[in-house]
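Protein chains in written order, with my numbering: chain A, 1 to 344; chain B, 345 to 688. Here is the structure we will look at.
Protein chains: 2
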Amino acid sequence: MAGGIGSRFWPESTAEKPKQFLDLLGNGTSFIQQTFNRLNRLIPTGQIYILTNERYRNLIKEQLPQIKDYQIIAEPVMRNTAPAILYAAKKIHQINPEAAMLVAPSDHYIAQEEQFAANVQTAFDEASRHDKLMTLGIVPNSPNTGYGYIQYDKNDSNPVKKVLQFTEKPDLPTAQQFLSQGNYLWNAGIFVWSTRSILKAFEQFLPEMYQKMSNGDSAYNTEKEKEFIEKTFPQLENISIDYGILEKARNVYVLPATFVWNDLGAWNALYEQLKTNDNENVIINSRLLADNSWGNLIKTEHKNVVLKDLNNYAVIDSEQTLMIIPRKDDQKVKEYAQKFHKKQ
Amino acid sequence: MAGGIGSRFWPESTAEKPKQFLDLLGNGTSFIQQTFNRLNRLIPTGQIYILTNERYRNLIKEQLPQIKDYQIIAEPVMRNTAPAILYAAKKIHQINPEAAMLVAPSDHYIAQEEQFAANVQTAFDEASRHDKLMTLGIVPNSPNTGYGYIQYDKNDSNPVKKVLQFTEKPDLPTAQQFLSQGNYLWNAGIFVWSTRSILKAFEQFLPEMYQKMSNGDSAYNTEKEKEFIEKTFPQLENISIDYGILEKARNVYVLPATFVWNDLGAWNALYEQLKTNDNENVIINSRLLADNSWGNLIKTEHKNVVLKDLNNYAVIDSEQTLMIIPRKDDQKVKEYAQKFHKKQ
């Protein structure tokens, strides 16, 4: 899934080039490239599809030259995750009705890829054998209030556990209680199921959407697909897969995942993920001379940086914009982006 | 005089492109261009000479295309102001033994150019009629401890006043006393005299230097000049005109000047000169969004800048280096420049 237009990493991310196409970690690859490579260890190149918006087609072809046009599933309009996943499931199911399918965001941070691969393989195996809608849930290491939580059945001794309920971003006492209970996981938005199972769930819980998209069954993966989608997609309900399906279905399961994961929601999350101790500066694509300066996130386009008497700031120097703000205020960047946009 | 290699405006100024060639004010012209234009209102283009170092010849021709090669007086080695001025005086005197000569730094800030022109004209007139070594002294508006001071004879009622003594950078109580006495001026390093007068002074106070340079009297402004200078210049004493001549001569005079002047010794001086009130940010080549941020000096290469909770800093974003330091610490930039230099 690579259709987001998030601006929480402004000034680096813009609607023209949102987060999934950026190398925010400074390791030479964008998030979508990292995601592709991670999945490509398990899934053949030709079976990886990019769900995105038409406007990002060229960026994707540039960053993933190994991808063929048929693998880019471009929504004509933005319609949240449920319609996009249904569209992909329809196409894949038409090619292989026995297919298992993994859905993953393209702009998250994941480390320990061996663990990731093992977790995904477990889920794939389960999806092939059972009618289960599975999510990968991250074992939490802090009562983070920015994530959704998944509660599973403590008494389920299988590796893939029955989900009891989803909870959106909780307050801190609630999150602390979740952690102490031990059967709560972070919702990473990574799903595994057979196309058969997810299509059945759409038919049951989003029947109107399912019916509209089934009218194109003879068009998928043919030259008629584009016309059908352009006509049909804008009519679909704007609803997330979580709200439309997962919170309603009875066959939802979660695999407690053991890899390091961070959705990197904003600049400070990047600092927190990359820091090695509390005092240190996190330095991306820069050479730093720090004089009485610590706790800063510094990202430039390969510049020397001199800081004196600056602590806990984000210093982001992009091609058009230089931003210097306290890290804790990273939620304000949307506002700043809008203000500059209005001025232009 | 455009031979300086100052690094106090690092990272903007470097030995490759020092301050005189920079547009630090963000008005589209470098200091040397501003200086040339200011003098060109009084002095014909062909009679303006640039005293510089050989390494800056191309930069000068680029920034002052109206200058011909003969007007670039390039020292083969750095030898302070006295040798450079003697060299220029010799060349000019050989062309016109009745010449009056103005010597000015090329990297200072001057406003109220009409006043400047009137002051210079007064000094030129005086130089043509009298054997006087004149400086333009700036009427001080603060007890600045970063400047040299010139004390003149209070009882001299002429517009051009007899100098009693020069004082190098004083401490604050001394500077305050100078201001209260009313007959002290800032030494702006702008000199006016006839070539006859200054050559006579060199003969008297720096006789060895004078003798060595007089050995080339038949070579100046001929094709033999270059060879003579390359052989002779390195032998000359490294001494300033102030120390070598002006502090010793009896015929030194000062014209209290009425234009706005600032030698812009470092980043903070730029802020102080350009600020309109104490709280304001000084913004050069940038578009600023300031959130609870004031008193900053901001210079980029035409970027948007977002600041939150930053006060009294210098934020300098050049092509290779981003520097964020408290304005009051601008004296540390030499140290930072050296540290990066060593790393490279």
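All C-beta atoms, glycine included, are put in the ideal place defined by N, C-alpha and C. Computed from a predicted model, the values in this text were never measured in an experiment.
Partners in chain A for residue i, counting only beta-carbon separations shorter than 7 Å
| i | result |
| --- | --- |
| glutamine 664 of chain B | Lys303, Asn304 |
| aspartate 673 of chain B | Lys308 |
| threonine 644 of chain B | Leu322 |
Burial state of residue i, where buried means 16 or more other Cβ atoms lie within 10 Å
| i | result |
| --- | --- |
| glutamate 406 of chain B | exposed |
| serine 106 of chain A | buried |
| threonine 276 of chain A | exposed |
| proline 670 of chain B | buried |
| methionine 320 of chain B | There is no way to answer for residue 320 of chain B, as the model of chain B reaches only from 345 to 688. |
| leucine 330 of chain A | Contrary to the premise, residue 330 of chain A reads as aspartate rather than leucine in this sequence. Buried. |
| aspartate 586 of chain B | buried |
| threonine 14 of chain A | buried |
| proline 578 of chain B | exposed |
| asparagine 262 of chain A | buried |
| isoleucine 245 of chain A | buried |
| lysine 652 of chain B | buried |
| aspartate 317 of chain A | buried |
| histidine 341 of chain A | exposed |
| histidine 302 of chain A | exposed |
| serine 374 of chain B | buried |
| lysine 643 of chain B | buried |
| proline 487 of chain B | buried |
| tyrosine 70 of chain A | exposed |
| isoleucine 19 of chain A | The residue asked about is misnamed: residue 19 of chain A is lysine in this sequence, not isoleucine. Answer is buried; the Cβ neighbour count reaches 16. |
| glutamine 378 of chain B | buried |
| isoleucine 665 of chain B | Looking at the sequence provided, one finds threonine at residue 665 of chain B rather than isoleucine. Burial call: buried. |
| asparagine 281 of chain A | buried |
| threonine 566 of chain B | exposed |
| glycine 3 of chain A | buried |
Proximal residues of chain A, C-beta to C-beta of residue i below 8 Å
| i | result |
| --- | --- |
| leucine 633 of chain B | Tyr336, Lys339, Phe340 |
8 Å CB neighbourhood of residue i in its chain, flanking five on each side removed
| i | result |
| --- | --- |
| lysine 17 of chain A | Leu59 |
| alanine 422 of chain A | Since the first residue shown for chain A is 1 and the last is 344, residue 422 of chain A is missing from the structure and cannot be characterised. |
| aspartate 171 of chain A | Thr145 |
| phenylalanine 522 of chain B | Pro484, Pro487, Tyr493, Gln495, Thr511, Pro514, Tyr528 |
| threonine 45 of chain A | Gln66, Ile67 |
Under 8 Å from the C-beta of residue i: neighbouring residues of chain B
| i | result |
| --- | --- |
| proline 326 of chain A | Lys652, Asp653 |
| lysine 332 of chain A | Asp635, Lys652 |
Closer than 7 Å at the beta carbon, the chain B residues around residue i
| i | result |
| --- | --- |
| valine 315 of chain A | Ile668 |
Cβ shell of residue i (< 6 Å), same chain only, five flanking positions each side left out
| i | result |
| --- | --- |
| isoleucine 198 of chain A | Ala89 |
| glutamine 112 of chain A | Phe259, Val260 |
| glycine 216 of chain A | Phe228 |
| alanine 532 of chain B | Leu480, Ile482, Trp605 |
| alanine 471 of chain B | Ala444, Val536, Trp537, Ser538 |
| methionine 323 of chain A | Pro11, Ile316 |
| isoleucine 190 of chain A | Ala104, Leu136 |
| valine 677 of chain B | Trp354 |
| leucine 580 of chain B | Arg423, Pro427, Met553 |
Close-in-space but distant-in-sequence residues of the same chain around residue i (CB under 7 Å, 5 per side omitted)
| i | result |
| --- | --- |
| serine 584 of chain B | Asn424, Thr425, Ala426 |
| glycine 609 of chain B | Arg352, Gly490 |
| tyrosine 220 of chain A | Lys90, Lys91, Gln94 |
| valine 650 of chain B | Leu633 |
| aspartate 469 of chain B | none |
| asparagine 183 of chain A | Gln151, Tyr152, Lys154 |
| alanine 117 of chain A | Arg41, Leu42 |
| asparagine 636 of chain B | Lys652, Asp653 |
| valine 77 of chain A | Phe233, Pro234 |
Cutoff 8 Å: residue i Cβ touching any chain D Cβ
| i | result |
| --- | --- |
| alanine 545 of chain B | The displayed structure is made up of protein chains A and B, and chain D is not among them. |
Threshold first: 3 residues or longer. Then list the beta strand (DSSP E) segments lying entirely within the segment 268-300 of chain A, N to C. Runs of the beta strand (DSSP E) inside the segment 268-300 of chain A: 282-291.
Using a Cβ-Cβ cut-off of less than 8 Å, give me the residues of the segment 1-17 of chain A that come near chain B, in sequence order. Residues are counted here when their Cβ sits less than 8 Å from a Cβ of chain B; for the segment 1-17 of chain A these are Pro11, given in chain order.
For the segment 67-139 of chain A, which segments carrying the alpha helix (DSSP H) assignment without a break, of at least 4 residues, lie completely within its bounds, in sequence order? Taken in chain order, the whole alpha helix (DSSP H) runs of length 4 or more contained in the segment 67-139 of chain A are 81-95, 113-129.
Run through the segment 487-570 of chain B for me and flag every whole beta strand (DSSP E) of 3 or more residues, listed as ranges in chain order. Runs found: 493-496, 505-511, 528-538.
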